[in-house]
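I have placed the structure first, in the form of structure tokens, so that the comments after it can refer back to it.
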Amino acid sequence: MQAGRATIGDSRPQGFHIAEIAEPGVNGRPGRLRYVTGLGNPPQGGNTVTALGNLGPLISNGLPYGQGNRYRPPTTGPTTGEPGAAARPSLIQRNNSTLNSVEQLPSATGKTIIAYHAREQALLVGVQEHGRAPGSSYASLRDALIVAGFSDAVFLDGSDSSLLYYRGRQIVAPAENKNELMTVALGFRQRGA
Numbered sequence: 001m002q003a004g005r006a007t008i009g010d011s012r013p014q015g016f017h018i019a020e021i022a023e024p025g026v027n028g029r030p031g032r033l034r035y036v037t038g039l040g041n042p043p044q045g046g047n048t049v050t051a052l053g054n055l056g057p058l059i060s061n062g063l064p065y066g067q068g069n070r071y072r073p074p075t076t077g078p079t080t081g082e083p084g085a086a087a088r089p090s091l092i093q094r095n096n097s098t099l100n101s102v103e104q105l106p107s108a109t110g111k112t113i114i115a116y117h118a119r120e121q122a123l124l125v126g127v128q129e130h131g132r133a134p135g136s137s138y139a140s141l142r143d144a145l146i147v148a149g150f151s152d153a154v155f156l157d158g159s160d161s162s163l164l165y166y167r168g169r170q171i172v173a174p175a176e177n178k179n180e181l182m183t184v185a186l187g188f189r190q191r192g193a
């Protein structure tokens with residue numbers, strides 16, 4: 001998605017998205033950009049600058065995702081699916097089957113995440129090289145991001161297609177058989193650079 005319009009792909013309402021939103025300026029000051037995540041297709045139109053869809057959730061609007069719905073005691077509710085209106089305010093972790101399925105892979109499996117720290121207005125792009133042992137689980141990455149104060153985080157397709165270029169240098173390489181197949185890339189420009 002670019003400038004509020006879908007540019008490639010198809011609808012994936014069961015996936016998560018990350019969207020770059022332009023906030024209007026106030027009192028003659030320029031607006032700022034912020035990032036939001038959520039279930040469903042990215043928001044179209046309005047203030048959406050760019051967005052990616054069909055991602056997996058780690059944290060959305062401060063709520064961590066993982067194995068099973070969890071609630072603040074004494075609240076109880078369903079362990080999967082919609083928690084319901086009464087239990088939703090006490091939800092401290094939301095179940096997600098996409099995240100649960102990738103957690104079954106070895107921790108050395110390649111990973112690519114994008115995380116946003118709302119208070120610091122900072123974006124983090126993290127890539128773990130495929131086969132790099134011992135590696136990290138998505139749950140441990142999620143927990144570290146929460147401790148560091150990140151409000152939103154998603155993961156992209158990983159495994160042996162994970163790669164990272166930084167300032168013209170390849171930091172993490174994809175598997176050799178993927179190298180010639182990479183046709184889509186996601187780029188960020190450092191503010192002030």
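Note that UniProt numbering gives residue 64 to position 64 of the sequence shown, counting from 1, and the numbers run on in steps of one. Here a beta-carbon is modelled for each residue, glycine too, at the ideal position from N, C-alpha and C.
For A122, the uninterrupted beta strand (DSSP E) run begins and ends at A122 to Q128, by DSSP.
Cβ contact annotation for E20 (same chain, cutoff 6 Å, sequence separation greater than five): L33, Y35, V49 and T50, in chain order. Listed in chain order, the non-local C-beta contacts of T80 below 6 Å within the same chain comprise N95, local neighbours out to five positions each way being set aside. Here DSSP, grouped into helix, strand and coil, assigns D160 to helix. Collapsing the DSSP output to three states places S60 in a strand. Its chain contains I21 and A22 as the residues whose beta carbon lies nearer than 6 Å to that of N47, once the 5 sequence neighbours on both sides are disregarded; these appear in chain order. Take the alpha-carbon of Y165 and the one of Y138: they are about 22 Å apart.
In this structure, DSSP gives V102 a helical state, which the three-state scheme calls helix.
For R34, the three-state secondary structure derived from DSSP is strand. For V26, there is no enclosing alpha helix (DSSP H), as DSSP gives it neither H nor E. Taking each of G56, L91, G62 and P57 in turn and checking the Cα distance to P73, the smallest one comes out for L91. Bounds of the alpha helix (DSSP H) holding A139 are Y138 to V147.
In this structure D152 is buried. Its beta-carbon is surrounded by 16 or more other beta-carbon atoms within 10 angstroms. In the three-state DSSP reduction, R88 falls in the helix class (H, G or I).
Bridge pairing for F16: L39 and L55 [DSSP]. Listed in chain order, the non-local C-beta contacts of L39 below 7 Å within the same chain comprise F16, local neighbours out to five positions each way being set aside.
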